[in-house]
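Student: Residues in the sequence shown are numbered consecutively from 1, following UniProt numbering. We put the beta carbon where it would ideally sit given N, CA and C, even for glycine. Okay, handing you the structure first.
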Amino acid sequence: MVQRSPLERKFARLGWRFAAPSLIVVAGVTLFPIAFSVAMSLSDVRVSSNGFELSGLTTENYSVLFSSERWRHALVFTVCYTIGTVLTELVLGTAIALVLERLSGSRGWMMALLLLPWAMITVVSAQLWAYMYNGVYGVLTSLSENLTGEARQFLGTPVPAMVSMAVADIWKTTPFVAIIVLAGLMMLPSDVIEAAKVDGAGGWTVFWRVRLPLLRPALTIAVLFRILQAFGIFDLPFVLTGGGPGDATESLALLGWQVMFTNLDFGPGAAVAASTAGLVLIGCLVFLRAFRARVGDEEGGT
């Protein structure tokens, strides 16, 4: 164990003192709500005119949750939606980053334009897509009618509604992935790439065998952020589809909101929120463990 000098320990304590206010605020707005949701999900919640009160310790809320067909459907939809959108954004973001890497003078302008969808508030972008998907006056509906002779209802049936919502999400968040991958590309060691080219490797081989393995840390960060965002998606289905048609596009976050604030079932609603947070945590830990194991195998092989 490396012993730190008194000066280093002093600077470390000073750093903790400066960071303490921010850490307290972060704990107050994140850790406390999570802990309270877990406590609520394990309690018998009674609603009265004065609010609600927690009494006793019970697992009834989770029993109701796990036996619910609606929760299982929301779970399947959320998992499939997360996998589909994250993989698509990863491929498109990497392709866009490779194009931006080759630009020189216009790269700054292109990055600024690329970030416009990401900078837009999700509720606003969802409303814009809702206008375009509208079955009466939507631009995309009119375009489909001109091309096929039939006005397509993008949000009226389950599968087109799922695809339409995924397209809106991919349009907004792909620039985020592209910027992270571009940052990773700019930090790659040029001598390793040049050595591979000198050895006779083509462009495709250099990308798959040299650049892509070196990009894994950047890709891991992008995937983790997108899993956290996509698995907790709420505002996009809330504005765009309302979870419909039926419950075809109902995510776990939207289900929790509807159970808690529409049905006023605070116990099962808190169980939905707590289970969603637990699933996200487990998924991220599994992904990180698999990533580290893969990197360890490659380092052991070399």
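Since Leu219 contacts Val280 with CB under 8 Å, what's their CB separation in whole angstroms?
Tutor: With a Cβ gap of about 19 Å, Leu219 and Val280 do not count as contacting.
Student: Give a single yes or no on whether Ile34 has its beta carbon closer than 7 Å to a heavy atom of the ligand ZN.
Tutor: Absent from the structure shown: the ligand ZN. Ligands present: none.
Student: Thinking C-alpha only, which one of Phe266, Leu188, Arg209, Phe225 is nearest Ala60?
Tutor: In the sequence under discussion, the amino acid at residue 60 is Glu, which differs from the Ala named in the question. Ranking the options by Cα distance to Glu60, first place goes to Phe266.
Student: Counting pairs of Cβ atoms below 8 Å between the segment 94 to 101 and the segment 165 to 182, do you hit three or more?
Tutor: Verdict: yes, contact present.
Student: Sorted by chain position, which residues of the same chain lie with C-beta nearer than 7 Å to Thr85's C-beta, five sequence neighbours on each side aside?
Tutor: Excluding residues within five positions, the ones whose Cβ falls inside 7 Å are Ala166, Asp169, Ile170, Ala230.
Student: State the beta-bridge partners of Ser49 as determined by DSSP.
Tutor: Partner(s): none; Ser49 has no beta bridge.
Student: I'd like the list of long-range same chain contacts for Val192, defined as Cβ closer than 8 Å, with 5 residues on each side in sequence excluded.
Tutor: The answer, listed in chain order, is Val210, Leu214.
Student: Rounded to whole angstroms, what's the CA-CA distance from Pro33 to Leu113? Just pull it up for me.
Tutor: Between Pro33 and Leu113, the C-alpha separation is close to 36 Å.
Student: Are at least three pairs of beta-carbons, each pair with one atom in the segment 57 to 71 and one in the segment 260 to 274, less than 8 Å apart?
Tutor: Contact holds: three or more Cβ-Cβ distances are below 8 Å.
Student: Ignoring anything shorter than 3 residues or poking outside the segment 21 to 97, list the beta strand (DSSP E) runs there in chain order.
Tutor: DSSP runs (the beta strand (DSSP E)) wholly in the segment 21 to 97: 44 to 48, 51 to 55.
Student: Assign Ser67 to buried or exposed, taking buried as 16 or more other Cβ atoms, counted over all protein chains shown, within 10 Å of its Cβ.
Tutor: The residue is exposed, with fewer than 16 neighbouring Cβ atoms inside 10 Å.
Student: According to the neighbour-count rule (16 or more other Cβ atoms, all chains shown, within 10 Å of its Cβ), is Pro217 buried or exposed?
Tutor: Result: exposed.
Student: Assign Gly125 to one of two classes, buried (16 or more other C-beta atoms within 10 Å of its C-beta) or exposed (fewer than that).
Tutor: Looking at the sequence provided, one finds Ser at residue 125 rather than Gly. So Ser125 ends up on the buried side.
Student: How far does the alpha helix (DSSP H) with residue 390 in it reach, from first residue to last?
Tutor: Because the chain in this structure spans residues 1 to 302, residue 390 falls outside the shown range and cannot be described.
Student: Return the Cβ separation of Val272 and Leu65 in integer angstroms, given the expectation that the two are a contact with Cβ distance under 8 Å.
Tutor: Confirmed, Cβ separation roughly 6 Å.
Student: Should Glu89 be labelled buried (16 or more other beta-carbon atoms within 10 Å of its own) or exposed?
Tutor: That one is buried.
Student: At a cut of 8 Å, does the segment 239 to 251 reach the segment 154 to 162 through at least three beta carbon pairs?
Tutor: Taking 8 Å as the limit for Cβ pairs, the verdict is that the segment 154 to 162 does touch the segment 239 to 251.
Student: Please state the DSSP three-state secondary structure of Ala183.
Tutor: In the structure shown, Ala183 sits in a helix (DSSP, three-state: H, G or I).
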